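What follows is a single structure, written as structure tokens, with notes after it.
Number of protein chains: 2
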Amino acid sequence: MELLKQRILKSGHVSSDNVLKVDSFLNHQLDIALLSEIGKEFHRIFASDNITKILTVEASGIAIASMAGMYFNVPVVFAKKNQSKNIEGDVFSSSVQSFTHGRKYDIIVSKKFLSPDDRILILDDFLARGNAMLGLIDIVEQSGAKLCGAGIVIEKGFQDGADLLKKKNVNLHSLAIIKSMENGKLVFG
Amino acid sequence: MELLKQRILKSGHVSSDNVLKVDSFLNHQLDIALLSEIGKEFHRIFASDNITKILTVEASGIAIASMAGMYFNVPVVFAKKNQSKNIEGDVFSSSVQSFTHGRKYDIIVSKKFLSPDDRILILDDFLARGNAMLGLIDIVEQSGAKLCGAGIVIEKGFQDGADLLKKKNVNLHSLAIIKSMENGKLVFG
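Sequences listed follow chains A and Z, in order.
Start counting the first sequence at 0; every next residue gets the next number (numbering that gives the first Met the number 0).
Start counting the second sequence at 0; every next residue gets the next number (numbering that gives the first Met the number 0).
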């Protein structure tokens with residue numbers, strides 16, 4: 000997605016500890032017009048999959064999934080990262096190792112919101128090692144719903160998340176794939 | 000907002016521990032068409048305030064703020080609840096007591112995204128005791144930006160958050176005000 004790549008080049012930057020920062024438009028401040036275009040692009044890619052529900056994980060997936068939800072005209076469900084008093088009853092849960100935050104956490108989705116009749120599209124902002132995505136896929140599998148695809152805004156192509164997902168035959172589409180970012184220089188794949 | 004009240008009556012319910020559950024459309028599963036109408040309504044209310052940025056807090060404020068951001072055509076900034084490695088540099092921060100989760104936490108916003116030139120609308124899903132809102136207002140005040148208003152989807156009118164905000168002269172608009180929910184029966188104000 001050319002608009003996205005141009006924006007990453009313009010507004011993203013690679014920090015000294017080799018983390019790509021896109022907090023000015025994607026995961027802290029949100030450029031809503033860009034996110035709307037991203038949602039439209041995901042719809043173009045997955046329009047023929049008869050998606051009934053979009054699944055993401057809090058927090059930075061929510062805006063992307065919501066914008067896409069408008070084009071698909073389906074509900075969005077976001078997995079929660081911590082058990083909350085305000086979710087009652089039975090939940091699907093999966094354990095995720097976060098390398099960004101250096102800890103393990105559970106993601107949970109109420110069983111009310113995923114059923115074997117659902118055709119699920121998972122959306123998220125980043126794919127690196129793929130741990131959050133594997134947790135979401137685990138939850139979809141527990142529910143018996145059909146996983147129709149996974150859409151990623153920025154894939155770190157030099158990490159192994161995409162390979163892991165392709166081995167599981169996930170229909171993965173990333174809007175921007177970063178092949179390398181050595182010495183702060185971004186190269187798209 | 001009649002559409003919202005009808006939806007709360009239809010799909011919300013009061014649990015045994017007197018918590019209003021709206022997780023089927025507002026804060027776990029998201030009814031995007033309804034959220035879009037909510038965003039439109041906030042724009043109708045605050046259209047003349049020349050808002051330059053919408054501020055909310057993760058996680059359940061993000062979808063609401065994003066939908067509103069489309070109508071206002073301005074960026075959204077969401078405060079983060081935990082220090083993350085992916086936010087660098089100086090931040091505004093404020094401490095919030097959560098009664099829902101029974102703990103204290105910090106909310107933070109990168110200083111890059113709020114400036115004295117900004118005219119801020121704060122949006123959130125719930126107002127009860129007002130602690131999250133007071134934290135967001137504190138951050139706006141630290142930044143020197145102008146707080147033009149606060150929009151709430153569901154206000155618990157029987158708790159003191161709204162009074163606290165009105166004493167601070169906050170231009171507060173709630174789309175649905177619940178006057179009481181004793182014995183599971185919802186009464187709007």
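Every residue, glycine too, gets a C-beta built ideally from N, C-alpha and C.
Predicted model, so just to flag it, every value in this text is computed and none were measured.
For A127(Z), no Cβ of chain A is located within less than 8 Å of the residue's own Cβ.
Using a Cβ-Cβ distance cut-off of 8 Å, the segment 150-158 of chain A and the segment 174-185 of chain A are in contact, since at least three pairs of beta carbons, one from each stretch, lie closer than that value.
At a beta-carbon threshold of 7 Å, the residues of chain Z lying near I61(A) are A58, I61, A62, ordered along the chain. Comparing alpha carbon positions, the residue from V21(A), V139(A), E40(A) closest to M66(A) is E40(A). The C-beta of V95(Z) comes no closer than 8 Å to any C-beta of chain A. Here DSSP, grouped into helix, strand and coil, assigns I50(Z) to coil. Taking a contact to require three or more Cβ pairs closer than 8 Å, the segment 47-54 of chain A and the segment 32-47 of chain Z do not qualify as touching.
Interface residue (Cβ-Cβ distance to chain A less than 8 Å): V76(Z) is classified as such. Residue state for H42(A) is assigned as helix, using DSSP reduced to three classes.
Membership of Q141(A) in any beta strand (DSSP E) is not indicated; the residue belongs instead to the alpha helix (DSSP H) covering 130-142. By the Cβ neighbour-count rule, A46(A) is exposed, with fewer than 16 other Cβ atoms within 10 Å of its own. Contact annotation for F157(Z) against chain A: no contact, minimum CB-CB distance about 18 Å [criterion: below 8 Å]. Per the DSSP secondary-structure output, R6(A) pairs with nothing in a beta bridge.
With respect to the C-alpha of K165(Z), the residue from V108(Z), I136(Z), V95(Z) having the closest C-alpha is I136(Z).
Among the residues of chain A, those whose CB is under 8 Å from the CB of G68(Z) are L29, I31, following chain order.
The beta strand (DSSP E) runs lying completely inside the segment 86-120 of chain Z and spanning 3 residues or more are 90-97, 102-109, given in chain order. Contact annotation for S35(A) against chain Z: M69 [CB-CB distance below 7 Å, chain order]. With respect to the 8 Å criterion, K145(A) and I119(A) are classified as neighbours on the basis of their beta carbons. For D162(Z), the closest C-alpha among the options F187(Z), N130(Z), K184(Z) is that of N130(Z). Looking at the DSSP output, H12(Z) bridges to K20(Z). Here Q5(A) is exposed. Its C-beta has fewer than 16 other C-beta atoms within 10 Å. With fewer than 16 other CB atoms across the displayed protein chains lying within 10 angstroms of its CB, N72(A) is exposed.
Residue-level contact check: D22(A) touches chain Z, since one or more beta carbons of chain Z fall below 8 Å from its beta carbon.
Counting only the Cα atoms, N81(A) lies some 6 Å from D105(A). Within chain Z, the C-beta atoms nearer than 8 Å to that of S65(A) come from L29, I31, L34, I61, A62, S65, M66, in chain order. For S65(A), the enclosing alpha helix (DSSP H) starts and ends at 60-71. Taking 9 Å as the upper bound on Cβ-Cβ separation, chain Z lies near residues F112 of the segment 112-126 of chain A. Assigned with DSSP and collapsed to three states, G150(Z) falls in strand. Residue burial is scored here from C-beta neighbours: P115(Z) has fewer than 16 other C-beta atoms within 10 angstroms and is therefore classed as exposed. DSSP links S179(Z) through a beta bridge to V186(Z).
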